[in-house]
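Numbering (the numbering used here), first residue to last: 2 to 228.
All C-beta atoms in this analysis are idealised placements derived from N, C-alpha and C, irrespective of residue type, glycine included.
Here the structure is laid out as structure tokens; the discussion comes afterwards.
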């Protein structure tokens, strides 16, 4: 099959699946889809754009820089979704992504605030929550998430917090995955009075569980770009 038609079909299929799952739980919830393009060629990104998609996520700052520069003629919305090293903050800010979903600590927020203030810039962010309590994952722990969110609102006016993000446990056990998403949804509900609007959770292998637990933003890569 022609690669463009394949990507277009993949996109249509995943959107149909998302819509089918969404309607099981909510008739009014809007779910935004981030196409994760970390292992994807420039041509595949262009094809997905021509298939009608505009929002992409990258895990590495250098890849985000390279792809956003090479594809700057396309009106794409870029999200940073991977771990951020403090020595890469200036590079990240210079790229001017639409959103950073991986703000994983108060310390990182403080560093970001200093650089953003110097540049007279603001940056939309999500607070990353380590819902699985795995040492290999970034993010604030469940018990500190609400306090951390409110603290960042106080100390970092140039960071525009819009919600929270999580990555579920690395397991095939659906009950454990569901527990991760449910804990994160409980935090999100308590933060809505503090302006939280986005609950970003769910990837290719667990997005249906995420939708069942209130996610309104999904980060999906392999299901869209599979061959």
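Subject >> residue 82 and residue 58 closer than 8 Å at C-beta >> reply: In the chain shown, the residue the question calls residue 82 occupies position 81. In the chain shown, the residue the question calls residue 58 occupies position 57. Contact flag set, yes.
Original post:
Pairing CB atoms from the region 161-175 with CB atoms from the region 124-138, are three or more of them under 8 Å?
Top reply: Contact check between the region 161-175 and the region 124-138: three or more CB pairs, one atom from each, fall below 8 Å, which counts as touching.
**OP:** Tell me whether residue 181 sits in a helix, a strand or coil according to DSSP, three-state version.
**Re:** Stepping through the chain shown from its first residue, residue 181 is reached at position 180. It is helical.
**OP:** Taking only the alpha-carbon atoms, compute the straight-line gap between residue 37 and residue 219 and give it to the nearest angstrom.
**Re:** Position 36 of the chain shown, counted from the start, is the residue given in the question as residue 37. Position 218 of the chain shown, counted from the start, is the residue given in the question as residue 219. Approximately 10 Å between the Cα atoms of the pair.
Original post:
How about the region 58-73 and the region 92-107: do they share at least three Cβ pairs that are nearer than 8 Å?
Top reply: yes
**OP:** Tell whether a beta-carbon distance below 8 Å holds between residue 201 and residue 213.
**Re:** Residue 201 sits at position 200 when you count from the first residue of the chain shown. Residue 213 sits at position 212 when you count from the first residue of the chain shown. Against a cut-off of 8 Å, the Cβ pair of residue 213 and residue 201 comes out as no contact.
**OP:** State the DSSP-derived secondary structure class of residue 48, mapped to helix, strand or coil.
**Re:** As a working note, residue 48 is residue 47 in the chain shown. It is helical.
Subject >> Separation of residue 51 from residue 147, as counted between CA atoms >> reply: The residue you call residue 147 lines up with position 146 of the chain shown. The residue you call residue 51 lines up with position 50 of the chain shown. Cα-Cα distance, rounded: 40 Å.
**OP:** Kindly give me the distance between the Cβ atoms of residue 8 and residue 49, rounded to whole angstroms, as I take these residues to be in contact under 8 Å.
**Re:** As a position in the chain shown, residue 8 is number 7, starting the count at 1. As a position in the chain shown, residue 49 is number 48, starting the count at 1. Yes, they are in contact, since the Cβ atoms of residue 8 and residue 49 sit about 6 Å apart, within 8 Å.
Subject >> Cβ distance (whole Å) where residue 160 is taken to contact residue 113 below 8 Å >> reply: Taking the first residue of the chain shown as 1, we reach residue 160 at position 159. Taking the first residue of the chain shown as 1, we reach residue 113 at position 112. Right, the Cβ-Cβ distance comes to about 6 Å (below 8 Å), so this counts as a contact.
Original post:
So, residue 203 versus residue 211, is the Cβ gap smaller than 8 Å?
Top reply: Walking along the chain shown from the start, residue 203 turns up at place 202. Walking along the chain shown from the start, residue 211 turns up at place 210. Going by C-beta atoms, residue 203 is nearer than 8 Å to residue 211.
**OP:** Verify whether the separation of the beta carbon atoms of residue 135 and residue 171 is less than 8 Å.
**Re:** Stepping through the chain shown from its first residue, residue 135 is reached at position 134. Stepping through the chain shown from its first residue, residue 171 is reached at position 170. Yes, the Cβ-Cβ distance between residue 135 and residue 171 is below 8 Å.
Subject >> Contacting residues, own chain, Cβ-Cβ under 6 Å from residue 198 (five flanking each side not counted) >> reply: Indexing the chain shown from 1 puts residue 198 at position 197. If we look at residue 198 and ignore the five residues flanking it on each side, its Cβ neighbours are 163 and 164.
**OP:** Note down, in chain order, each residue of its chain lying with its Cβ closer than 7 Å to the Cβ of residue 4, except the 5 sequence neighbours on either side.
**Re:** On the chain shown, residue 4 is found 3 positions in, with the first residue counted as 1. Cβ within range, chain order: 48.
Original post:
What residue range is occupied by the uninterrupted alpha helix (DSSP H) comprising residue 114?
Top reply: The sequence position of residue 114 within the chain shown is 113, counting from 1. Segment 107-120, the alpha helix (DSSP H) holding residue 114.
**OP:** Decide if residue 20 is buried, meaning its Cβ has at least 16 other Cβ atoms within 10 Å, or exposed.
**Re:** As a position in the chain shown, residue 20 is number 19, starting the count at 1. Burial call: exposed.
Original post:
Which residues in the same chain have their Cβ closer than 8 Å to the Cβ of residue 43, if we skip the five residues on either side of it in sequence?
Top reply: On the chain shown, position 42 is the one that residue 43 refers to. Result list for residue 43: 68, 71 and 72, in chain order.
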